[in-house]
Every structure is written in C-alpha cells, then in structure tokens.
Amino acid sequence: MHPYRTHTCGALGKDQAGETVRLSGWVFRKRDHGSLLFYDLRDHYGITQVVIQPENPLFDKCQHLKQESVITVTGRVEPRSPETVNTKLATGEIEVIAEDIVFESVAAQTPLYLAGDDEGPEDLRLTYRYLDLRRDTMQRNITLRSDIIASLRQRMTGHGFREFQTPILTCSSPEGARDYLVPSRLHPGKFYALPQAPQLFKQILMVAGFDRYFQIAPCFRDEDARADRSPGEFYQLDVEMSFVTQEDVFAVVEDVLHGVFCEFANGKRVDELPFRRIPYSEAMVKYGTDKPDLRIPIELSDISELFRTSDFKAFSGAVANGAVVRAIPVKAIAGKPRSFFDRLVEYAQSIGAKGLAYLVWSDGAVKGPIAKFLKPDELEVIKTQCGVGDGDVVFFMCDAPDAANRISGDIRVKLGRDLEIIEQDVFRFCWVVDFPMFERDEETGQIQFSHNPFSMPQGGLEALDGDPLAVKAFQYDIVCNGTELSSGAIRNHSPEIMLKAFELAGYKREEVEEKFSFLLNAFRYGAPPHGGIAPGVDRIVMLLADATNIREVIAFPMNQRAQDLMMNAPGEVSEKQLRELHIRLRKPVTPEPEAT
RNA sequence: GGGGGCGUAGCUCAAUUGGUUAGAGUCCCAGACUGUCGAUCUGGAUGUCGCGGGUUCGAGUCCCGUCGCUCCCGCCA
1 MHPYRTHTCG ALGKDQAGET VRLSGWVFRK RDHGSLLFYD LRDHYGITQV
51 VIQPENPLFD KCQHLKQESV ITVTGRVEPR SPETVNTKLA TGEIEVIAED
101 IVFESVAAQT PLYLAGDDEG PEDLRLTYRY LDLRRDTMQR NITLRSDIIA
151 SLRQRMTGHG FREFQTPILT CSSPEGARDY LVPSRLHPGK FYALPQAPQL
201 FKQILMVAGF DRYFQIAPCF RDEDARADRS PGEFYQLDVE MSFVTQEDVF
251 AVVEDVLHGV FCEFANGKRV DELPFRRIPY SEAMVKYGTD KPDLRIPIEL
301 SDISELFRTS DFKAFSGAVA NGAVVRAIPV KAIAGKPRSF FDRLVEYAQS
351 IGAKGLAYLV WSDGAVKGPI AKFLKPDELE VIKTQCGVGD GDVVFFMCDA
401 PDAANRISGD IRVKLGRDLE IIEQDVFRFC WVVDFPMFER DEETGQIQFS
451 HNPFSMPQGG LEALDGDPLA VKAFQYDIVC NGTELSSGAI RNHSPEIMLK
501 AFELAGYKRE EVEEKFSFLL NAFRYGAPPH GGIAPGVDRI VMLLADATNI
551 REVIAFPMNQ RAQDLMMNAP GEVSEKQLRE LHIRLRKPVT PEPEAT
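Structure, rendered in structure tokens:
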C-alpha cells in the first residue's frame, strides 16, 4: 500500500464499501462525542469523514489533536446508515473507520480560523498566506486561474500563435509608468529595469518575421494599487500579429475571450459575438466613461443645444461659456420619495457637481425644480430624445465637458447600484474604438499623447498635418462589465510618421532618434504592419471568479503599500551587497524633534 | 502626494448624551456525552480600547498629532 494514500479525500463512495483504504490530509472539523470522535479529513480534492472509535489506542491523542494537523489514516470504508448520510458532502454516503493513524505534522494553534465563515483581517491573511490559501474559495480561485491560463494558451496556439519569452531584466523606458530598477554590478551607476510590458520586444519579434506572438507575460509597474490593480506585478495575455487590420485583431481576441468566458462562466451568460464597437466619443457621451458597464440600462445623452436657447439661465449661460448638458434618463422612478432625489443631488455635489436638476413625468404632467423654466415644446424634445414617458425621470447636469462626463458617468453607475437595476449573471463586452491620438494638457496647454505614442494615427502622415486634437488612433480597449480588460493598437511601423507624431507632442527629432534608436532602426530594415493587444489575466480571473478584489485571485499578492507580508519584501540588504552594486543609501531624513 | 472609512479579547463585533468593575458570539482550556457533520451541554481563561498628547471631577467615547489597514483621487504611455 502507498505510504500516504490510496485515494484522495474526494474520491470514496459506496463502490469502495468494505475496502481498506489510506487517506492523507488536514484535520478540518472535529466532532468529539466523548466516546466517539469524528474528523472531517480535507485535502485539495474533498472531504471525507473519519470515525475514531474508543477502542482505538490512539483515541486520546486524536481527541487533543489540533485542527489543521496533517495525518495519514488507514481504515475500512463503511457505508453510512440512511439516517446518517450527509448529502452536502460528495463522499457523504460513506465514512472511513480509522484503524491506524500516522501524525505526519501536528499543527500549532493557527492564527487564522479556517473552519468558519470569517476570513479575518487581510494583513493576517497575507502574513499567513499558506493557511489562507487552504480555504475552499482560495483553492477554487487559484485553480480557476490555472485553468483559465491553460485555456488561453490552448486557444492562442489553436489560432496559430506561438508563445515567446522576453527579458525580465531590460532597460528603463522613457515613457509610461514608474519603473522597478535593478542595479548593475558590472556597470557601476547603471540599472536594469523590469519591463512594464514586453511591448517593444513583441514588436521586434514582428519585425523579425515571427508573424504571431503571444505570452502570458509578467509586467512590472511601480504605481499605486487599486482594488483591481495589484501593485508591483501583474500578468497580461500579450498578443501581437503582423499584416493585420484592427478587425483582424478583434476577431482573434473575441474568439479567445468569448471562448474562455463561456468555458468558465459557471452559468452566467456571455454576450454573443461580435462584441459591440463603441467609438470613444460616443462612449464618453452615452456612459461618461471609456469603460462603460453595459449591464446598466441607462444611456446618457447630450442635450446642450436645447438648453443653449432655453430660459433656464443657469444652464444657458454655462453652455454659452463652453459647458455641456448631459441628460440621465431613468425609467419608473417618478414615485420615489423626495429624499431619494435629495440624496442623489447631495451625492452629485459630493463628487464635484455644481448641482443636479431633474424633471419628473408623472400623471400626465412634468414636475421638478426646473420644469417652470422650460417651454412645452422643449419638454417634448427632451421626452423624445431621452425616450421617457409617464413615470420616468430625467436628471440633468451641466459642466465643462470633462467634468460633465465624469460626474454623469458616476451618477449613472450609482443609480444602477442603488436602484439594483444592474443586470446580474451576465458578461457584457464592448470594444471602445477610435481613441484620440493627442490631448491637451489642462495645466500646460501642451499637446501630448493621450494613450500610446507608438499607435498608428488614423489617416497616416497626412492626418498629422491638420488639427492634432482631431486625429484618431488605431487604438482600442476591450471592456467587460465596466472593467477595462485591455488596451491595444495597430502600431506605427513607419519612422517618418512616428517622428512626426512625437514632434506634435513636443519631442525633438534628435531626442526621439536617441531614445528609440533601436526601434526606429529596426523599422528601417523592413517592418511589417502589425498590431496587438494585451488583456489583463488577473482581471479576467477576477471577473470569472466573481471576486471584488484582485488579491483574491493572486496566490501571493502584495498589500496596498507594495509589501509582501509573508516574505517581508521589500527587505534590507547587507552592506556587502550594496558595495558590490556601487550603491550608497540616501534615506529620507527624519525631522528632528523641535527644541523647546 | 491628497481625501474618505476603519482600528475595542486570537477572530467578528457591541458598549446609550462623556459616568459603576469594557460586554457578546466564536476560538482557546477543562469537564460531560456512542451518530455527529459549523455537534451539543456545563464551567473557565483571555484586553496597552492602535500609539502619544490634550480637555475634563471623570475619556473606549470629545480635541490635536501619529501609526497601521483599506477604498478612492493623482499615477497607471
């Protein structure tokens, strides 16, 4: 017999009744009846009830054994009597009567209690991650992650892609996020950087003629965390293709993502293919954001022109000064109490709105604070444009375009949540396309890249001769349920167009030639038109695991302050190590207490 | 860098308007119990109220500072 197990803890049933088996696992729950002792023995695969009878010489020791100890049990599989069958357990029709028990690893009192619902404080969970990961939900999340990644790989190779490795030690890139730096021992004063993404390497692989690249790629960015953004490192399904249009990229990514979401949706619905395409400018008006949650059945619209000529001076004056008005129509809430509207106005103000007007269609009349300023035909236009009728409400907010979008988008999401009208059990996807190539910096007034400087401007070189702010890029995002899964682009493979684009963003020719010399050079020896995308693996797993926090789908995440509480990273290093790296520390000076 | 929330027993949380010896569940310990399955019953132990200062006759509660965690803004080409 195998020294540890003949079966796993999820494997036994009536078929094995009468057999002598061996199981190994953790002591999960104990039920001590004084003269009869039950263990729930747990391993990765399941739970089996072990019965320890008073005749067993190890009975006393088993009574006092701590939960989470690891034991090996040898015993006979007994069918349970009908009244003692546990239908909640896959192995609930049988139990194992312990004959011999080996105490492989006796556990001390655990700082986390694993047999209950409480997860405990997150810093304890992260410090004792090996305990926390034993929980069923964490086992499921982490195995789901593994299964999703395996499926992604299979689907990508099925589309003719090959997986490549690219360097982890590379050099700092002048654009983008803050880098993680690694000092060089052989080159005093010089540093490697961890890649923020394998962006340039994958483009070089296209120049090298490999045609279709993918990688489950680790990416490192030294930026602050969010609930859906782990500090330090994260993984992307990094994809690049040669001789493709935007639609070719979409076709592959749609097939892979749709496939993987259907495979792991666990009963939830997934949008049919093809996914909706929404131009950036339309998304900003209809949803107030470039990552719309399409599960919320509210569509905003621009109603500035109507208010420009209206008698409502607060709005018409603002519109004359460049402000816009957004209408937020909501079905069937005319009957909500006054307090509902007051609270929403309060919320709007708390996120920076100057106010929030509204009209209520009720009992054939139009009511609300601004109704008296609007003529009947104006009300009719609003009613038609917003598609509302009796019982419905339209909110209005007026501000500069950026603020109006942001605030009305936030209100849309808040209404969705508060009214509980967000569709459940569905994954709603869309592509957001036609991002602007450039934007104006609010403070300096400078033209700058709004997203990726290496994207191809639509219209090519000619388009760059006109108004830069009117230039769109072959730049796209894929969004699921309000989560941005990925950005991608058709790349700019022409040195001439690239130099021109950078020039518009205020970079001198020589500067660009110097910073990106290898890329420009590569493009000067025959570069295929190419493009790609890089969906975030952690976020895909998060959506499919129905997790609200990205740390729930990462085995060993760092906390919000970018510390690994289990490993104690980042940690100090010895003076010898520093000397080898030619580094002298320059710690922040702690202010001395003031003399009195 | 900025803003919000939280911080009371190992864990989850309570403590009235500032007022007696800071409570409950759970965990833990001891005892009882041969059919439980988050076993049950009885008893017991457990506190730097995050830390420092201030106001007050009196502070877990109010004020100031600080630390930690978390969510958000900035940031994330």
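Position one of the first sequence corresponds to residue 1 (my numbering), numbered consecutively onward.
The beta carbon of each residue, even a glycine, is placed where N, CA and C say it ideally should be.
Bear in mind that the values here come from a model prediction, so they are computed numbers and not experimental data.
Less than 8 Å separating the beta-carbons of residue i and residue j?
i, j, result
"GLN385", "SER301", "yes"
"GLY531", "ALA489", "yes"
"ALA357", "PRO369", "yes"
"THR8", "GLU68", "no"
"LEU374", "PHE312", "yes"
"ARG185", "GLU580", "yes"
"GLU55", "GLY75", "no"
"SER408", "GLY288", "yes"
"ASP399", "ALA353", "yes"
"GLU240", "GLN203", "yes"
"ALA527", "VAL207", "yes"
"ASP224", "ARG428", "no"
"SER339", "VAL325", "no"
"VAL394", "ALA327", "yes"
"GLY536", "LEU485", "yes"
DSSP on residue i, reduced to helix/strand/coil?
i, result
"GLY75", "strand"
"GLY460", "helix"
"SER24", "strand"
"ASP477", "strand"
"LYS30", "strand"
"VAL541", "helix"
"GLU163", "strand"
"ALA489", "strand"
"THR596", "Confidence at THR596 is low in this model, with a pLDDT of 28, below 50, so the placement of that residue should be treated as unreliable; the coordinate-derived value is given next. Of the three classes helix, strand and coil, the one that applies to THR596 here is coil, per DSSP."
"GLN448", "strand"
"ASP43", "strand"
"MET1", "coil"
"PHE429", "strand"
"SER151", "helix"
"SER455", "strand"
"SER494", "coil"
"PRO82", "helix"
"VAL260", "helix"
"VAL249", "helix"
"CYS62", "helix"
"ASP598", "Summary: the structure shown does not reach residue 598, with the chain confined to residues 1 through 596, and so no result is reported for it."
Look at the alpha carbon of residue i and the alpha carbon of residue j, and state the distance between them as a whole number of angstroms.
i, j, result
"HIS451", "GLY189", "31 Å"
"GLU175", "ASP222", "13 Å"
"ALA193", "LEU200", "14 Å"
"LEU601", "ARG509", "An answer regarding residue 601 cannot be provided, because it is not within the stretch 1 to 596 covered by the chain."
"TYR476", "TYR4", "53 Å"
"ASP290", "GLU462", "27 Å"
"GLY13", "ASP538", "37 Å"
"ILE278", "CYS430", "7 Å"
"ALA11", "LEU23", "10 Å"
"ASP425", "ALA534", "25 Å"
"PRO436", "LEU89", "56 Å"
"ILE47", "CYS219", "38 Å"
"SER230", "LYS383", "44 Å"
"LEU359", "ILE411", "16 Å"
"LEU565", "LYS336", "48 Å"
"ALA555", "ARG135", "12 Å"
"PHE438", "LYS472", "8 Å"
"LEU112", "ARG155", "39 Å"
"VAL96", "ASP43", "15 Å"
"ALA323", "ASP293", "25 Å"
"ASP390", "PHE243", "54 Å"
"GLY259", "GLY158", "12 Å"
"MET567", "ASP123", "13 Å"
Taking DSSP's pairing of strands, which residues face residue i in a bridge?
i, result
"ILE101", "VAL73"
"ILE52", "LEU37"
"THR483", "CYS480"
"PRO436", "LYS472"
"VAL96", "VAL50 and VAL77"
"GLU240", "TYR213 and GLY532"
Secondary structure, beta strand (DSSP E): runs of 3+ residues fully inside the region 270-331: DSSP runs (the beta strand (DSSP E)) wholly in the region 270-331: 276-279 and 324-330.
Whole runs of the beta strand (DSSP E) within the region 346-427, excluding any shorter than 3 residues: 357-362, 365-367 and 393-399
Alpha helix (DSSP H) runs wholly inside the region 169-238, at least 4 long, in chain order: 199-207
Complete runs of the alpha helix (DSSP H) confined to the region 512-579 [at least 4 residues]: 517-523 and 537-545
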